[in-house]
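Taking this note's numbering, the leading residue of the sequence shown gets 33, the next gets one more, and so forth.
Built from N, CA and C at the ideal position, the CB exists for glycine as well.
Since this is a predicted model, take the numbers as computed values, not measurements.
I have placed the structure first, in the form of C-alpha cells, so that the comments after it can refer back to it.
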Amino acid sequence: MNDLKIDLGFDKIKIEKKKDFLTLKDYSKEEILYLLSLAADIKKEKELFSDRLKGKNIAMLFDKHSTRTRLSFEVAISQLGGNCIYLDAASLQIKRGETIKDSAIVFGRYLDGLVIRTFSHETIEVFADYSNITVINGLTDMYHPCQALSDLFTIGEFGLLEKELKFTYLGDCNNVSNSLMVGFSKLGLDLTLGCSKKYGPSAEILQYCQKQAAKSGSKINIINDPFDAVECADIIYTDVWISMGDKDSAEKVKELSAFQVNSKLLAYAKPGVKVMHCLPAHREQEITSEVLDGNHSVIWQQAENRLHAQKALLVYLFSENF
Ligand code: CP
Ligand code: NVA
Numbered sequence: 033m034n035d036l037k038i039d040l041g042f043d044k045i046k047i048e049k050k051k052d053f054l055t056l057k058d059y060s061k062e063e064i065l066y067l068l069s070l071a072a073d074i075k076k077e078k079e080l081f082s083d084r085l086k087g088k089n090i091a092m093l094f095d096k097h098s099t100r101t102r103l104s105f106e107v108a109i110s111q112l113g114g115n116c117i118y119l120d121a122a123s124l125q126i127k128r129g130e131t132i133k134d135s136a137i138v139f140g141r142y143l144d145g146l147v148i149r150t151f152s153h154e155t156i157e158v159f160a161d162y163s164n165i166t167v168i169n170g171l172t173d174m175y176h177p178c179q180a181l182s183d184l185f186t187i188g189e190f191g192l193l194e195k196e197l198k199f200t201y202l203g204d205c206n207n208v209s210n211s212l213m214v215g216f217s218k219l220g221l222d223l224t225l226g227c228s229k230k231y232g233p234s235a236e237i238l239q240y241c242q243k244q245a246a247k248s249g250s251k252i253n254i255i256n257d258p259f260d261a262v263e264c265a266d267i268i269y270t271d272v273w274i275s276m277g278d279k280d281s282a283e284k285v286k287e288l289s290a291f292q293v294n295s296k297l298l299a300y301a302k303p304g305v306k307v308m309h310c311l312p313a314h315r316e317q318e319i320t321s322e323v324l325d326g327n328h329s330v331i332w333q334q335a336e337n338r339l340h341a342q343k344a345l346l347v348y349l350f351s352e353n354f
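Right under this line is the structure:
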C-alpha cells in the first residue's frame with residue numbers, strides 16, 4: 033500500500049467551503065481531491081485535529097439499518113472532540129406525523145450538524161434547507177456520497193487515481209454506483225458499468241455523469257457482458273443486488289446472477305486485480321466468500337477508510353479555518 037500523495041496543484045484557500053455534503057455533484061474536482069489529501073494526513077496521524085469538533089453537537093438520524101456508517105461517524109466525531117447523538121428515526125415525532133420541515137427547523141435550534149440516512153433524497157434536501165445547519169448524506173435511495181468519497185481515497189492509496197485505471201462496477205446500478213459514477217466523472221476517471229439492460233443506471237444520473245465526463249475528459253462505458261466488462265480490470269467493485277428499501281425479487285437475483293464476482297470472472301481481469309465491496313455483502317450472491325476472503329480483496333481496508341475519509345469531511349465542514 034502506498035501513502036496517498038495528491039498533488040493538489042491549487043491553493044486550498046481559494047476553495048469556497050460548502051455548508052452540506054448531500055451529493056458529490058455539489059463538489060468540484062479540487063474539493064474532492066482536497067478532502068482525499070486531508071484524509072491521508074488524518075489516517076497517518078490519528079491525533080490530528082483532535083479538538084476540531086469541540087463544542088459541536090452532531091446528531092445522526094437513521095431511518096435504515098447501518099453498521100459502518102453509524103460506527104465510523106460516531107468514532108470520527110468522538111476522535112475529533114465532538115458530541116454525537118444517535119437518533120432512531122422510529123422514535124421521533126416525525127413517525128407520528130410531524131413534518132420534516134418543522135423537525136428540521138427545530139433540529140437547527142439545538143444542533144451544529146446532522147448525518148441522515150433515509151429513503152428519499154428530497155428528505156435530506158428539506159433538512160438542509162430548513163435546519164440551516166450542516167447536513168451530511170449518510171445514504172439515500174439515490175446516493176451514498178460518503179461511501180464514494182472513502183472509496184476514492186482507498187483507490188488513491190493503491191496509486192490508482194489515474195487516467196489508465198480500469199475500474200469496473202458490476203451488478204445492480206444503485207445509490208453506490210450512482211455516487212461512484214459522479215465521483216469518477218468529476219475526477220476525469222473512466223468507469224465501466226457491467227450490468228444487465230434492465231438494472232442499468234437511471235437515464236437522469238447517466239446523463240448528468242456523461243456531461244461531467246465530457247468536461248473532465250473521461251468515459252462511462254456500459255457493458256452488458258460481465259466477462260467483457262471486467263476484461264483487464266484493475267479494480268472490480270460490487271454491491272448487494274437488493275438494496276435497503278428495494279422489494280425482494282427472485283427475478284432480479286436471477287437476472288444478475290451472471291454478474292456474480294467469483295474466481296472465474298476474476299481470471300479475465302488483470303492478474304493483480306483488486307476487489308472492492310462497500311458491505312454489507314450477501315456472500316455467495318453478488319460475491320463468493322472465496323473472493324471476499326481471498327488475496328484480491330481490499331474490502332476490510334476499504335471499510336476502515338470510511339473512518340478516515342469521514343473525519344476529513346467533518347474537519348472540512350465544521351472547522352472555521354478550512
Ligand atoms: N457501506 C455502508 O454504508 O455500510 P452500512 O450500511 O453498514 O453503514
Ligand atoms: N446499496 C446498498 C448499500 C448499503 C451500504 C443499500 O442501499 O442497501
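Asked	Found
Kindly indicate which residue of S295, F81, A160 and C241 has the alpha-carbon position closest to the one of D325.	S295
Examine the ligand CP and report whether any of its heavy atoms sits within less than 7 Å of the Cβ of P312.	yes
Could you spell out where the beta strand (DSSP E) holding T99 opens and where it closes?	That residue, T99, is in no beta strand (DSSP E); it is neither H nor E in DSSP.
Whole angstroms is fine: what's the gap from Q334's alpha carbon to V323's?	15 Å
Would you say the beta carbon of I176 is closer than 7 Å to some non-hydrogen atom of the ligand NVA?	The question names Ile, yet the displayed sequence has His at residue 176. Yes.
Would a C-beta distance cut-off of 8 Å place G226 and T186 closer than the cut-off?	no
Strictly by DSSP, which residues pair up with K306?	I267
If we ignore side chains and look at the alpha-carbon of each, how far apart do N256 and S228 end up?	5 Å
Closest to H153 by C-alpha separation, out of R84, E283 and T55, would be which residue?	T55
What I want to know is whether the C-beta of R102 ends up closer than 7 Å to one or more non-hydrogen atoms of the ligand CP.	yes
With a floor of 4 residues, list each alpha helix (DSSP H) that falls wholly inside the stretch 76 to 124, ordered by position along the chain.	100 to 111
Taking Cβ positions, are L171 and K96 nearer each other than 8 Å?	yes
So, at 8 Å on beta carbons, what are the nonlocal neighbours of Q317 in its own chain, with the 5 sequence-adjacent residues on each side left out?	V272, W273, V285 and Q292
Out of V138, K75, L349 and F259, which one is the CA nearest neighbour of G188?	K75
Looking at the structure shown, is F190 part of a helix, part of a strand, or coil, going by DSSP?	coil
Mind checking whether L311 and P258 have CB atoms under 8 Å apart?	no
Considering just the uninterrupted stretch of the beta strand (DSSP E) at N169, what are its terminal residues?	T166 to N169
If you draw a straight line from the alpha carbon of M92 to that of L193, how long is it in whole angstroms?	31 Å
D31 and S250 look like a contact to me (Cβ under 8 Å); what is the Cβ gap, rounded to whole Å?	Here the chain has residues from 33 to 354 only, and residue 31 is not among them.
For A136 versus Y175, is the C-beta distance shorter than 8 Å?	no
Could you check how far apart the C-beta atoms of V330 and V307 are, in whole angstroms? I think they sit under 8 Å.	7 Å
Secondary structure at S329, three-state DSSP: helix, strand or coil?	strand
Which residues mark the beginning and the end of the beta strand (DSSP E) in which G215 is found?	That residue, G215, is in no beta strand (DSSP E); its alpha helix (DSSP H) goes N207 to L219.
Alpha helix (DSSP H) containing I156: first to last residue?	H153 to S163
Note down the Cα distance separating A341 from I168, rounded to an integer number of angstroms.	13 Å
Between T270 and the ligand CP, is the CB less than 7 Å from at least one heavy atom?	no
If you count every other CB in all the chains shown that lies within 10 Å of the CB of Y269, and 16 or more means buried, which is it?	buried
Do the CB positions of K88 and G145 come within less than 8 Å of each other?	yes
Going by the C-beta, is L225 closer than 7 Å to any heavy atom of the ligand CP?	no
Take D58 as the anchor and find which of S69, R102, K279 and C241 has the nearest alpha-carbon.	C241
Cα separation between R84 and G113?	6 Å
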